[in-house]
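Asks: My structure is below; once you've seen it, I'll send some questions.
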Amino acid sequence: MGSQIRPIEYKIRLVRYVRYIKLVAPVKLSGSVLTEILESSSSSVKKKPEFLQRFENRLHFLDMDWQGQKLAEQLMQILLLIAAVVSFVVGYTTASFRMMMLIYAGGVVLTTLITIPNWPCFNRHHLKWLDPSEAEKHPKPQVVVVSSKKKSSSKK
Amino acid sequence: MHTFGYRANALLTFAVTALAFICAIASFSDKFSNQNPSAEIQILNINRFKKQSHGNDEVSLTLDISADLQSLFTWNTKQLFVFVAAEYETPKNSLNQVSLWDAIIPDKEHAKFRIQVSNKYRFIDQGQNLRGKDFNLTLHWHVMPKTGKMFADKIVMPGYSLPDAYR
């Protein structure tokens with residue numbers, strides 16, 4: 001971290017961060033905990049309180065893996081298109097605007113239920129990271145800096 | 001589409017766009033409806049025809065308005081706004097339009113009607129030009145849709161005239 005921020009700025013950012021966490025984390029932050037955070041911030045500028053580190057990844061249970069994301073996006077678009085077409089056709093043939101709106105709203109709710117929560121079918125292809133011991137056997141190639149002033153402009 | 005926030009945002013945007021699309025198509029489908037409205041107006045009586053104290057002419061009429069506007073209602077129609085206007089020409093203005101009566105028709109059942117009513121709004125001229133004047137009574141309507149563009153049209157009925165002298 002190259003840039004240094006003033007203690008008052010860090011304090012402001014910290015309070016905002018805590019407020020954001022309070023919004024997304026369904027846990028009550030008691031008053032004493034909050035004062036502990038604010039007091040510790042005045043003593044050391046750069047240290048992030050450990051208390052906050054626990055709540056940072058609170059919502060990651062809602063993430064999908066890559067194949068699941070693609071599937072979810074395609075499903076969402078197709079389902080909404082079908083809902084739009086079906087609602088228009090039914091509304092036009094029954095000459096009822098109300099019916100069109102109701103069917104479309106039902107289609108949107110159905111799509112929400114299918115696409116947004118993290119169902120297990122979206123998590124079948126779990127991403128496998130390389131084992132650290134395996135990664136050490138194949139070191140990253142070193143970047144060789146070629147100093148050639150004539151070609152440098154075309155390479156960029 | 002990583003977090004549920006992204007997915008929710010994408011879904012909401014796409015849903016609203018598709019909704020706008022089906023509303024546009026619903027409005028466009030109004031062009032394919034068969035429309036043949038008809039109307040007839042009779043002047044039953046001229047109640048008053050005098051000159052006001054500040055010099056303008058004023059007429060009070062009783063009208064018998066009968067109309068069949070049922071074919072103007074489609075599935076995308078919210079209501080129909082109807083008004084009757086008297087149109088005539090004077091030396092000062094090439095077209096004068098005075099609105100005499102209006103109504104809102106909320107649904108198809110009420111669109112075929114016959115009423116006898118005196119003019120809702122006062123028929124006052126700018127000047128004293130109304131003696132012996134020939135005028136048209138025009139029935140205008142505005143079709144207000146549930147979504148989309150509002151259309152307006154009219155039926156012109158010529159051949160009405162006012163008496164030559166004040167009553």
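First to last, the sequence lines map onto chains A and B.
Counting from 1, one number per residue, gives the positions in the first sequence under my numbering.
Counting from 1, one number per residue, gives the positions in the second sequence under my numbering.
Even for Gly, the Cβ is constructed at its ideal location relative to N, Cα and C.
Since residue 77/A meets chain B, which of its residues come closer than 7 Å, beta carbon to beta carbon?
Replies: 14, listed in chain order.
Asks: Pick from 131/B, 102/B, 107/B, 109/B: whose alpha carbon is nearest that of residue 118/B?
Replies: Residue 102/B is the option with its Cα nearest to residue 118/B.
Asks: Report the rounded CA-to-CA distance for residue 116/A versus residue 5/B, giving the unit in angstroms.
Replies: Approximately 9 Å, taken between the alpha carbons.
Asks: For residue 125/B, is the classification buried or exposed, using 16 other Cβ atoms within 10 angstroms of its Cβ as the cut-off for buried?
Replies: Counting Cβ neighbours within 10 Å, residue 125/B comes out buried, since at least 16 surround it.
Asks: Ordered along the chain, which non-local residues of its own chain (more than five positions away) have a Cβ less than 7 Å from that of residue 85/B?
Replies: Cβ within range, chain order: 97, 98, 99, 100, 138, 140.
Asks: At the level of alpha carbons, what is the spacing between residue 112/B and residue 113/A?
Replies: Using only the alpha carbons, I get a separation of about 47 Å.
Asks: Measuring only between beta-carbons, confirm whether residue 8/B sits less than 7 Å from chain A.
Replies: Yes - at least one Cβ of chain A is within 7 Å of the one on residue 8/B.
Asks: Among the residues of its own chain, which have a CB less than 7 Å from the CB of residue 153/B, if the five just before and after it don't count?
Replies: Closer than 7 Å at the Cβ level, and outside the excluded window around residue 153/B, lie 141.
Asks: For a minimum of 3 consecutive residues, which ranges assigned as the beta strand (DSSP E) are wholly contained in the segment 94 to 166 of chain B?
Replies: The qualifying runs are 96 to 105, 112 to 118, 134 to 145, 151 to 161.
Asks: In three-state terms, what does DSSP make of residue 64/B?
Replies: If DSSP states are grouped into helix, strand and coil, residue 64/B belongs with the strands.
Asks: For the beta strand (DSSP E) containing residue 45/B, name the first residue and the last one.
Replies: First-last of the beta strand (DSSP E) with residue 45/B: 38 to 51.
Asks: Quick one, which of 37/B, 28/B, 19/B has its alpha-carbon nearest residue 82/B's?
Replies: Out of 37/B, 28/B, 19/B, 37/B has the C-alpha closest to the C-alpha of residue 82/B.
Asks: Just the chain B side, please: which residues come within less than 7 Å of residue 108/A by C-beta, in chain order?
Replies: The answer, in chain order, is 15.
Asks: If we count the other Cβ atoms within 10 Å of its Cβ and call it buried at 16 or more, is residue 121/A buried or exposed?
Replies: It counts as exposed.
Asks: Along the chain, where does the beta strand (DSSP E) containing residue 82/B start, and where does it finish?
Replies: Counting along the chain, the beta strand (DSSP E) containing residue 82/B begins and ends at 77 to 88.
Asks: Any beta carbon from chain B within less than 7 Å of residue 65/A's own beta carbon?
Replies: Not one chain B Cβ lies under 7 Å of residue 65/A.
Asks: If you follow the alpha helix (DSSP H) that residue 19/B is part of, which residue opens it and which one closes it?
Replies: 4 to 28 is the extent of the alpha helix (DSSP H) around residue 19/B.
Asks: Give me the chain A residues within the contact set of residue 20/B, using Cβ-Cβ distance strictly less than 7 Å, ordered along the chain.
Replies: The contacting residues do not exist; residue 20/B stays about 10 Å from chain A at best.
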